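All you need for this note's numbering is the position in the sequence shown, starting with 1, plus 238. Backbone N, C-alpha and C fix where the C-beta goes; we use that ideal spot for every residue, glycine too. Keep in mind it's a predicted model, so treat the numbers as computed, not measured. Encoded as structure tokens, the structure appears first; notes follow it.
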Amino acid sequence: DSPHREELPLIAIARAKELSGHRFRGREVVIIGDSIYDVRCGAPHSATTIAIASGKTSAEALKAENPHHFFASAEDQGLLQAILD
């Protein structure tokens, strides 16, 4: 959808509005990813960021980006609750 990851939240927000009629803002928007760039793209939009150490990026590097939530695995039982909160 865009070669620039920081543009993806706005694209997703626009699509969600088209489908739901609701303009999602701030913490209503949830960015889930396994790279520092996933965490970083949520910051300008005040989105909730959830980092999962399931890719090539180390847990330490992900934590250093200060995501709202961090999980060592996508199998962590707290992940679903973090998404729903």
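- For the segment 260 to 286, the full-length beta strand (DSSP E) segments reaching 3 residues or more read 268 to 271 along the chain.
- Between the C-alpha atoms of Asp314 and Ala299 there is a straight-line separation of about 19 Å.
- Remark: fewer than three beta-carbon pairs, one from each stretch, lie closer than 8 Å, so the segment 287 to 299 and the segment 253 to 261 are not flagged as touching.
- Within the DSSP secondary-structure output, Ala289 pairs in a beta bridge with Gly271 and Phe308.
- Looking only at Lys294, Ile249, Arg265 and Leu322, the smallest Cα-Cα distance to Tyr275 is reached by Lys294.
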